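Under full-length UniProt numbering, think of the first position of the sequence shown as 1, with each following residue one higher.
Even glycine gets a Cβ: it sits at the ideal position worked out from N, Cα and C.
Only a predicted model underlies this, so the values are computations on that prediction, with no experimental measurement involved.
Contents: one structure, followed by commentary.
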Amino acid sequence: MITILTKIFTNIVTTIYQYIWFALLAAVLFMFLYLFAGEHGWKESFKVWLGSFRRRSAFRRVFLLALYMILVLFRTLLNRELWLNPLSDIFGGWGLYTENGVFTTEAIENFLLLLPFILLLFWAKGSYVYGKRDRCLSMVWAGIKIAFCFSLAIECIQLFFRLGTFQFSDLCYNTLGGGVGALIYNLGRRGIRALKSKNT
């Protein structure tokens with residue numbers, strides 16, 4: 001009986017621990033909506049939201065950025081199992097094959113993880129993020145710094161709460177992906193400008 005109760009208690013605590021951050025994030029976002037709806041009414045609040053989504057491109061850009069950020073947080077923090085030793089493989093994850101010779105896409109996934117994030121961030125917020133200088137190097141450097149800080153924050157939270165393993169390879173590939181995302185944004189922006197200047 002004690003064994004059964006212990007197992008039930010352990011499962012409940014583990015479930016709460018694993019999903020508490022998602023629940024907290026969802027609750028905070030809901031309370032923002034609750035405050036706005038309390039002042040303007042639920043129907044009016046949804047009308048304002050839908051109207052902003054239809055009419056304002058800036059709103060849609062920020063929405064896509066927020067959506068992708070939540071997906072990243074789910075992938076890295078909010079839906080992870082507990083690890084007994086988060087430092088068990090601190091120098092691992094660099095190659096495409098594990099120590100046992102098994103093919104793994106972890107390095108590629110880490111490279112691609114923050115690439116769309118930087119693209120969407122620059123697309124949504126532009127000069128607020130990388131400054132008024134429109135040079136390629138400035139944008140890439142800004143993308144590298146942002147990706148590094150974001151990745152480091154995720155890795156430290158994983159380490160502190162034992163949600164996955166802390167790996168330097170994750171940090172490196174995430175940062176590299178952020179720099180490439182900034183480069184793609186810059187090249188795409190220049191290409192669009194060139195097309196517009198040709199048409200005018």
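Restricting attention to Gly188, Ala124, Leu187, Phe117, the CA atom closest to the CA of Gly178 is found in Phe117.
Taking C-beta atoms as the reference points, Asn110 and Val140 fail to come closer than 9 Å. The beta-carbon separation of Leu114 and Gly181, rounded to 7 Å, stays under the 8 Å limit for a contact.
Spatial neighbours of Gln158 in its own chain (CB-CB distance under 8 Å, excluding positions within 5 residues in sequence) are listed in chain order as Thr76, Leu77, Arg80, Pro86, Gly164, Thr165, Phe166. For a cut-off of 8 Å, the C-beta gap from Phe74 to Phe168 is around 23 Å, too long to register as a contact. A Cβ-Cβ distance of about 13 Å is found for the pair Ser45 and Phe53, leaving them out of contact under the 8 Å criterion.
Separation of Ile2 and Lys47 (C-alpha to C-alpha, rounded to the nearest whole angstrom) is 54 Å. For Thr175, the closest C-alpha among the options Ile146, Lys196, Phe32 is that of Ile146. In this structure, the straight-line span from the alpha carbon of Thr98 to that of Leu112 is close to 19 Å. Around the beta-carbon of Tyr19, fewer than 16 other beta-carbon atoms lie within 10 Å, marking it exposed. Contact check for Ala124 against Leu65 passes: the beta carbons are separated by less than 9 Å. Using a Cβ distance threshold of 9 Å, Leu152 and Leu171 count as a contacting pair.
In the DSSP annotation of this structure, the continuous segment of the alpha helix (DSSP H) that includes Asn110 starts and ends at 106-113.
For Leu159, the three-state secondary structure derived from DSSP is helix.
In the structure shown, Phe103 falls within a strand segment according to DSSP collapsed to helix, strand and coil. Annotated as distal: Glu106 and Gly126, with beta-carbon spacing of 9 Å or more.
Counting the other CB atoms within 10 Å of its CB gives Gly95 a total below 16, which places it among the exposed residues. Beta-bridge partners of Tyr97 (DSSP): Phe103.
Of Ile184, Tyr173, Leu33, the smallest CA-CA separation from Phe150 is found for Tyr173.
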